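In our numbering, the protein residues as written are 50 to 305.
The following block contains the structure:
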């Protein structure tokens, strides 16, 4: 998108976990384009520095911090920074791992624990720890990032798919408990998006062609396709939506 016509997020403070590349980066960029102050983060300082450099070169208001989402001290550092800015209005949980490829019951216990530590437990903890700052602002929005495989599992990402299904339940439960506090909790489930995370599928010819055959739009998504949806969900335009999951998969089979 060459120009953002609306600045729906003026005055808002946002934290996007896992946001120095791919979908998270596109979400952070879109938030900043719409007027938010954005804290971006990832595990590696070099990635944080590179992302901050690119975004500030566009004149966008961003701060970058190293944050391994499984480390309590890193999460605290991020929320301390948000507190300095004035609090928190928007929280997006995008960090995820998929350390193994294979069927769910072939997953080693250590790999299973890693997937759930990052994809589910850390998402829960970040939401829990960010909630007091959101409450202090009188309301806000939380968005979890799931995947279309939460609805339609594939054998090469078995444990990952189960972890992403867990986020659907977390979204529903949190949304119900926070509905009277002016806090919306929603979820986005992307399909195959052209990122480094998915490049084994999108860039390997034999796999790419079979994957595209399952997508009626006959193209993979790009990070900006997802960023626009997240920006909508955290804006006033979506103030009456909570507990929902939006699937963005180019028409790929997911649910009725």
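Backbone N, C-alpha and C fix where the C-beta goes; we use that ideal spot for every residue, glycine too.
These numbers come from a predicted model, not from an experiment.
From this set, 148, 290 and 237, which residue's C-alpha is nearest residue 303's C-alpha?
Indexing the chain shown from 1 puts residue 303 at position 254. Out of 148, 290 and 237, 237 has the C-alpha closest to the C-alpha of residue 303.
Let's see if you can read the secondary structure: which residues bound the beta strand (DSSP E) around residue 236?
For the purposes of this step, residue 236 is taken as residue 187 along the chain shown, with counting starting at 1. From DSSP, the beta strand (DSSP E) with residue 236 extends over 232-239.
Neighbourhood of residue 138 by C-beta distance below 6 Å, restricted to the same chain and skipping five residues each side
Within the chain shown, numbered from 1, the residue matching residue 138 stands at position 89. Closer than 6 Å at Cβ, skipping near neighbours: 61, 62, 186 and 189.
Just to confirm, are residue 142 and residue 70 a CB contact at a threshold of 8 Å?
Against the chain shown, residue 142 aligns to sequence position 93. Against the chain shown, residue 70 aligns to sequence position 21. Contact: no.
Tell whether a beta-carbon distance below 8 Å holds between residue 140 and residue 176.
Position 91 of the chain shown, counted from the start, is the residue given in the question as residue 140. Position 127 of the chain shown, counted from the start, is the residue given in the question as residue 176. For residue 140 and residue 176, yes; Cβs fall inside 8 Å.
Quick one: any contact between the segment 75-86 and the segment 275-286, if contact means 3 or more CB pairs under 8 Å?
yes
Nearest-angstrom beta carbon gap, residue 199 and residue 379 [assumed within contact, 8 Å]:
The question about residue 379 has no answer here: the residues shown for the chain are numbered 50 through 305.
When the Cβ atoms of the segment 289-298 are set against those of the segment 216-233, are three or more pairs found closer than 8 Å?
yes
Exposure label - residue 51; buried when at least 16 CB within 10 Å:
On the chain shown, position 2 is the one that residue 51 refers to. Residue confidence is low: residue 51 scores 46 on pLDDT, short of 50, so the model does not pin down where it sits. No coordinate-derived value is stated.
Please report the distance separating the alpha-carbon of residue 111 from that of residue 85.
Against the chain shown, residue 111 aligns to sequence position 62. Against the chain shown, residue 85 aligns to sequence position 36. Cα to Cα, residue 111 sits roughly 9 Å from residue 85.
Do you know whose CA, among 104, 114 and 75, lies nearest residue 91's CA?
The residue given as residue 91 occupies position 42 in the chain shown. Nearest option by C-alpha distance: 114.
Among 287, 301, 121 and 164, nearest to residue 259 - alpha-carbon criterion:
Translated into positions along the chain shown, residue 259 becomes position 210. Comparing Cα-Cα distances from residue 259 to each of 287, 301, 121 and 164, the minimum goes to 301.
By how many angstroms is the C-alpha of residue 75 removed from the C-alpha of residue 163?
In the chain shown, residue 163 corresponds to position 114, counting from 1. In the chain shown, residue 75 corresponds to position 26, counting from 1. Going by the C-alpha atoms only, they are around 25 Å apart.
First and last residue of the beta strand (DSSP E) that includes residue 193?
Residue mapping note: residue 193 aligns to position 144 of the chain shown, counting from 1. Residue 193 -> beta strand (DSSP E) spans 189-194.
Residue range of the unbroken alpha helix (DSSP H) whose run includes residue 255:
Looking up residue 255 in the chain shown gives position 206. Unbroken alpha helix (DSSP H) run through residue 255: 254-261.
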